[in-house]
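Comments concern the structure below.
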Amino acid sequence: MQIPYLLSAIVLLPILAGAVMLFLPPKNRDLIYRFALGAAFVTFLLTLVVYFGFDAAGPQYQFIEDYAWLPALGISFKLGVDGISAPLVLLTGVVIFTGVIISQRIEDRVREFFAFLFILASGVFGVFVALDMFALFFFYEIAVFPMYLLIAMWGWKQTREYAAMKLTLYLFVGSVVALVGALAMYFASGLNTFDMTLLATANFSPAFQNLWFPFVFFGFAVLGGIFPFHNWSPVGHVAAPTAVSMFHAGVLMKLGAFAALRVGIMLLPIGAQTHMWWIILLTLVNVVYGAFIAMTQTDFKYMIGYSSVSHMGLVAMGFATLDYNGLVGASVQMVSHGVMTALFFAVVGMIYDQAHTREIPKLGGLMKIMPFAGVGFIIGGLVSMGMPGFSGFIAEFPIFMGLWAANYPWIAIISVVSIAVTAAYILRAVGQVFFGELPADLEGHMHDVKPSEKLAIGILCFIMIAIGIYPNVIMPMVQHGVNAVLALLGGA
Amino acid sequence: MFSSITADMLLAILPEISLLLLMLVVFVADLVLHGKNSPLPAWITIGGLGLTLLATIAFAQPAAQPQLLWGGMLRHDWLAFIFKVIFLFSALLVTLLTVGWQKLWYKGEYYILLLASTMGMTLMGASADLVMLFLAIETTSIPLYILAGFVTTDRKSNEAGFKYLLFGAVTTGIMLYGFSLLYGFAGTTNLYGIASGMAASGVPIPVIVGALLLVLVGFGFKVSMAPLHFWAPDVYEGSPTPITAFLSTASKAAGLAVLMRVMLAAFPGIQPEWQNIIAVGSALTMTIGNLIALSQHNIKRLLAYSSIAHAGYSLLAVAAASELGVLSVVYYLLVYTVTQIAAFAVVIVVSNVTGSDEIADFAGLHRRNPMLALALLLSFLSLAGIPPLGGFIAKVLAFAAAVQAGLIWLAVVGVLNSIVGLYYYLIVLKVAYLDEPKGEAVIAPSRPQAATLVVSIVLVLILGVVIAPWYNWAASGAGGLF
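Top to bottom, those sequences are chains A and B. Take any residue in the first sequence, count from 1 to its spot, add 76: that is its number in the numbering used here. Take any residue in the second sequence, count from 1 to its spot, add 20: that is its number in the numbering used here.
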């Protein structure tokens, strides 16, 4: 299926909506909110069209659009999705829509909040669909910057300035380091193009690839939360307002992993094969250490933040196997984790808005008050533990298979520990927060969540269960994308 | 030698002729007004600059092949033309910003000096002869010394003018000594004959490098290249803010134009040497500028150090000594000029109300005037090199030029510096967006200021999104040197 202007509409609609919002009357909250909700809904519908319009038997890249941007340097505004990015586009659509739904409680400077959120969304879409390396960087930095304002202006007062600055600086260091690598690739290829589908055929010399791969890979992987550059991430999650946490953990971290795959592994495959053995050790630290740190947290949001570090480690680990199953698992994990963590942050946000505390020991018995949110959280927890029947299993199982196939059985065995640890902290949190006694000081303060919030929770849960029960809804697409990546890796 | 003045020759100096006439008109108007506080000189200047700009674009475009005119004094090429447009445009915006700026904007001589300096710059961009070049630099600088110290009642302004004059005079003297050596080595004062002249007379390379360093002292001063940057913060802080904007954009651009032309035209024989010198200078300049900017509390000083850092980024592209390098410098200066003027416009509007240039007084700007805060946000993000603003493209092109020339280390120094820059720009934005407002008074720009802001911010966005036309324009400018 080929729909003209579909991808450019997805990329440009949010940023244009954001620009319009900046000029709406600031006092009229309802108008601004409805406008944001409408724009998010349309965007969501468009991403559904991309996802279900993608032909898993068709060419590698689909919905291709190509406009000259700066012909003298071979820069074009070239867009297209493959089997790995199409689900991520849908994920972004889901998160922006549900994120706007649960942001009704934003009071302060509403129009700026949604405007920045939408500019961020445009950047994210742009990275997922860019087939031109310049365009990718262009959107990557657009995606990173609004986080600063969103966290600094609407975040948790105690840590927001520190967290916002730390996050921004970490991510920009990564981005500019990767940029130097990208420029080196551009000049070394001699093709005078930033088109990544052409650069993939440039046959860079092994020495060149081995030198530049770490720059490009880590430059982006910082945003994927890879150890030892993960530090910005939990701090950022905690400080961010709910919708931004959802975006941040749900989508933005995928951006890093995805770009590391697209620019690092796909354009410098020999470099990837050289370096992956030690990168996989780093991801092991992510997976296991992240889980243990999450275990020790008493702050609900920190717990989920470190759990994200652990789960995103699995994504990078799957990529690092350079194996068919590993890559498939990692690609599904990006979607599964994105939805799951968006749900977690949404529920935590709903609880915090009413209880004004995120300390797990100070909460309890919420199942009776907000059953819908509770069930949603439990489903997310099951996904997090990799329980069969949910998307987490579909994602994590192949990653471990990939580790085995790529001759890292010990890595697989050690990282399985993380699943047990995950189960421990998730179950503990569920038991403490949703069951048990409602603390006296919360009595009478807590109410059930709004119907619209139930809708948001419902959408997110539905996706996780759908993938878990009927993996074919995503698998052929992802396999299609991964096969193309493997072809670049020499059919390994 | 001027026996045969052709229409071509006159059209080539159309901007200069027009500026001279404009100076005379303002002068007469000022005499007629006889010290009354009247906005007339300002509006004459604005209208005249606008017409000059239009006429320049319409009639003074160079031919495809560069021409040496006026007995070899001027070179009529695309690089000169683009820089003339940049100078005229920034003079126009600076004049608009001056409208309503304290009592200063009623003074006719202010505009005459500004125009004289602009005329010097347009000549600097086109000079092809050491003598002409020196005259042009002096025509630019002397009015600027006076303008920097223009507010005679303000001790900081006095200090700025005096400091600028002293350091300017010393560095110009050293540069002139360098010029005389070059003439001695080459037997000609024409920039395009110096290279072959020096090659013919067989001057040893270390001696040429010595002369080059002397010349560089003068240019480095104009560009605020480390270690000749130290005057900039004091002068920027003390000068009337519109003049600070002018100093940090047009004057700096003029310095870079001259630097590129002289290096490429007169010193091809020692290109590796000067590339290294400029590369080291660039690394020092951006690092020093950025690191010291971190600790500033005064917005004008912050922008001064940031402007030093930006000189470093442009020098990074100069060091590439390639067509892409020159092109990136031109693109960089296009972006930087409009961005910096937008930033100063916000500073002027805010300090008009708060009466202070302290960063702390930007607190809560977003609550007091959201659109002004947005302008600050966009201009600072462009300075930080963030898309979709012009600064991003400028940054990528400059780094690309360095990478292409194999100066990877310099590109890495550059990107790390850009992070430091981002930090202090964010600090200012944090104050403007996050901190509680300190006053109630409405902060609103005057109409001309608002117009300047809108024009410059729109240009910052256009330069960042619609790249190709500007790029091609800059490329034709770079073609003028190769």
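For glycine and all other residues, C-beta sits at the position ideal for the given N, C-alpha and C. Note that the structure is predicted; figures quoted are calculated from it, not measured.
In terms of Cβ geometry, B/Gly384 and B/Glu456 form a close pair [threshold 8 Å]. In summary, no residue of the stretch 468-484 of chain B has a CB separated from any CB of chain A by less than 8 Å.
Note on geometry: alpha-carbon atoms of A/Asp142 and A/Phe204 lie some 15 Å from one another. Here A/Asn104 carries a coil assignment [DSSP, helix/strand/coil].
When 8 Å is used as the limit between beta carbons, A/Thr244 is near these residues of chain B: Leu442 and Leu446, in chain order. Residues of chain A whose Cβ lies closer than 7 Å to the Cβ of B/Lys450 are, in chain order, Ala228 and Glu237. Take the alpha-carbon of B/Ala425 and the one of A/Ile550: they are about 46 Å apart.
One finds Phe263 in chain A with Cβ atoms closer than 7 Å to the Cβ of B/Gln424, taken in chain order.
Within the stretch 474-499 of chain B, the complete alpha helix (DSSP H) segments of 4 residues or longer fall at 488-499, listed in chain order.
Excluding sequence positions up to five before and after B/Ala273, its CB lies within less than 6 Å of the CB of Ile106 and Leu353, all in the same chain and listed in chain order. A Cβ of chain A is located within less than 8 Å of the beta carbon of B/Ser438. Look at the stretch 319-381 of chain B and you find these whole runs of alpha helix (DSSP H), each 4 residues long or longer: 319-340 and 343-374. Within chain A, no C-beta atom comes nearer than 8 Å to that of B/Tyr351; the closest sits roughly 11 Å away.
In the displayed model, B/Asp455 falls within coil according to three-state DSSP, outside both helix and strand.
Non-local beta-carbon contacts of B/Gly240 in its own chain, meaning distances under 6 Å to residues more than five positions away in sequence, involve Leu248 in chain order. Just measuring C-alpha positions, the residue of A/Val391, A/Ser383 and A/Leu403 sitting nearest A/Met410 is A/Val391. Its chain contains His351 as the residues whose beta carbon lies nearer than 7 Å to that of A/Pro290, once the 5 sequence neighbours on both sides are disregarded; these appear in chain order.
Listed along chain B, the residues sitting closer than 9 Å to A/Leu259 by beta-carbon distance are Val416, Phe419, Ala420, Ala422, Val423, Gln424 and Ala431. Of all residues in the stretch 487-499 of chain B, those with a C-beta nearer than 9 Å to a C-beta of chain A are Ile487, Ala488, Tyr491, Asn492 and Ala495, reading in chain order. The C-alpha of B/Ile368 is placed about 60 Å away from the C-alpha of A/Gly544. A/Val157 is bridged by DSSP to A/Gln138. Judged by their CB atoms, B/Leu135 and B/Thr65 are nearer to each other than the 8 Å cut-off. For the 8 Å CB-CB criterion, A/Phe296 and A/Ala336 form a contact. Under the DSSP definition of a beta bridge, A/Ala206 partners with A/Leu155. DSSP, read as helix, strand or coil, puts A/Tyr143 in strand. Here A/Leu124 is not near A/Gly159, since their CB atoms are 8 Å or more apart. In the three-state DSSP reduction, B/Asn296 falls in the helix class (H, G or I). In this structure, B/Ala286 places its C-beta atom within 8 Å of the C-beta atom of B/Ile214. Look at A/Ser494 here: in three-state DSSP terms it is helix. It is roughly 15 Å from the alpha-carbon of B/Leu51 to the alpha-carbon of B/Leu41. Nearest neighbour of B/Asn389 by Cα position, chosen from B/Val223, B/Pro465, B/Pro262 and B/Val229, turns out to be B/Pro465. Counting every other CB atom within 10 Å of its CB across the protein chains shown gives A/Ser251 a total of 16 or more, marking it as buried. Residues of chain A whose Cβ lies closer than 9 Å to the Cβ of B/Ile406 are, in chain order, Glu217, Ile218, Val220, Phe221 and Phe248.
Contacts with chain B at 8 Å (Cβ-Cβ) include A/Val256. One alpha carbon belongs to A/Ala116, the other to A/Pro90, and they sit about 8 Å apart.
With a threshold of 8 Å between beta carbons, B/Pro465 makes no contact with chain A.
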